[in-house]
Amino acid sequence: MTFLKPFRTRMRAAFTLVELLVVIAIIGVLVGLLLPAVQAAREAARRVSCSNNMTQLGLGIHHFEFSMEHLPSGVINPDGPIRHEEIGKHVSWVVQILPFIEQQSVANHFDIDAGTYAPENADARAVSIPTMLCPSFPGERVLTADGDRAGTNNYAGCHHDREAPIDSDNNGVLFLNSRLRYSEILDGGSQTIMIGELIPGPGSLGWASGTRATLRNTSGFIDRQAWPNDLDAETGSLDVGGFGSFHPGGAQFGFADGSTRFLTHSIDEVLFRQLGNRADGELLKEE
């Protein structure tokens, strides 16, 4: 007797459409959960790099003081107050410390006596200096306005503790024709801001200009949401403005003792002003 073998259906392993959609949905959820963590890690890395830039600038200022026996002038100009215009000499503190931040070649091509806006300084002024750029800043490395090119910068010296024109009577560390010694920072270097981050407006004159392009005060923080269109919308030529950055929650600051600290937007206004004054003699207000 012949027995017939039972017919067996060969099943093919595969996803159904519903299973595939479920897998895609799960992957989407996981990516959504992971993306903020990746962005936070990238910002943390950018913040560390920014802190390193701030430290290098602080060291450059210290080395300048060791060599010249005084701190660099916030801006070199025959008279004040300083206007945010391409008039005058306006040699910034950045120009003065170029040899001390590994930019000797740029310094060699910059004629300080001729002034920042002189034609012979156009090429040097347009150089983009990596140490002057915060990695979190989304703008251009070189600004172009009215045909002139200027290297962008995201760091400024502190000229005063509140909003006031840049002049020779400011109470910060870097101001018009200043030649301070560390002994003149009476409040102590650890309690005095020397440099901080800034958000350059569309009319910024670059790192070589000793205007509000490289000098700011501790009157408050600039809102990064205003960048770029509204930042200089109602600002006069004598106005200076405060510090600011594209880091969430605050900005990096370099103190006169060489340390770098992150100050948040929620810092007490009185305390912030105290940190901008080199010799107010007051006890620091506690946060």
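Remember, the working numbering sits 48 above the position in the sequence shown when you count from 1.
Each residue gets a CB set at the ideal place from its N, CA and C atoms; glycine is no exception.
For clarity, every value in this text was computed on a predicted model and none was experimentally measured.
Check                                                                                                                                              : Outcome
Confirm, please, whether the CB-CB distance from residue 216 to residue 231 is below 9 Å.                                                          : no
Is the beta carbon of residue 292 sitting closer than 9 Å to the one on residue 310?                                                               : no
Does residue 317 come out as helix, strand or coil in the three-state DSSP assignment?                                                             : helix
Where does residue 140 fall in DSSP's three states?                                                                                                : strand
Using three-state DSSP, classify residue 4 as helix, strand or coil.                                                                               : In this structure the chain extends from 49 to 335, so residue 4 is not present and cannot be described.
Could you check the C-alpha separation between residue 107 and residue 150 for me, to the nearest Å?                                               : 11 Å
Between residue 95 and residue 295, what straight-line distance do the alpha-carbon atoms span, to the nearest angstrom?                           : 7 Å
Is residue 124 near residue 139, with beta carbons less than 9 Å apart?                                                                            : yes
DSSP on residue 309, reduced to helix/strand/coil?                                                                                                 : strand
Are three or more beta carbon pairs between the stretch 208-215 and the stretch 162-179 nearer than 8 Å?                                           : no
Could you tell me whether the stretch 184-194 touches the stretch 163-172, where touching means 3 or more Cβ pairs closer than 8 Å?                : no
Quick one: which unbroken beta strand (DSSP E) runs of 3-plus residues sit fully inside the stretch 185-220? Chain order, please.                  : 190-193, 196-199, 203-208
Grouping DSSP H, G and I as helix and E and B as strand, with all else coil, what is residue 146?                                                  : helix
Would you call the stretch 256-265 in contact with the stretch 128-139, where contact means no fewer than 3 C-beta pairs closer than 8 Å?          : yes
When we look at the beta-carbon of residue 146 and count the other beta-carbons within 10 Å, is it buried (16 or more) or exposed?                 : buried
Report back the beta-carbon spacing between residue 237 and residue 304 to the nearest angstrom; my notes put them in contact at under 8 Å.        : 4 Å
Indicate the three-state DSSP secondary structure (helix, strand or coil) for residue 177 in the structure shown.                                  : coil
What first and last residue would you give for the alpha helix (DSSP H) that runs through residue 156?                                             : 152-156
For residue 265, is the classification buried or exposed, using 16 other Cβ atoms within 10 angstroms of its Cβ as the cut-off for buried?         : buried
So, is residue 298 buried or exposed, given that buried needs 16 or more other C-beta atoms within 10 angstroms?                                   : buried
Between residue 330 and the rest of its own chain, which residues show a CB-CB distance below 7 Å, the 5 nearest in sequence each way excluded?    : 322
Scan the stretch 234-289 and note each continuous beta strand (DSSP E) run of 3 residues or more that stays entirely inside, going in chain order. : 241-245, 263-269
So residue 119 packs on residue 221, CB below 8 Å; how close in whole Å?                                                                           : 7 Å
Where residue 98 and residue 183 are concerned, what is the direct C-alpha to C-alpha distance, given to the nearest angstrom?                     : 6 Å
With C-beta atoms as the reference, is residue 202 less than 9 Å away from residue 328?                                                            : no
Determine the closest residue to residue 196 out of 92, 214, 254, with distance taken between C-alpha atoms.                                       : 254
Nearest-angstrom Cα distance between residue 282 and residue 69?                                                                                   : Any reading at residue 282 needs caution, since the residue's pLDDT is 49, under 50, leaving its predicted position unreliable; the model's value is listed next. Straight-line Cα distance between these residues: approximately 53 Å.
Of the choices 250, 102, 129, whose alpha-carbon is the least far from that of residue 223?                                                        : 129
In whole angstroms, what separates the C-alpha of residue 132 from that of residue 286?                                                            : 6 Å
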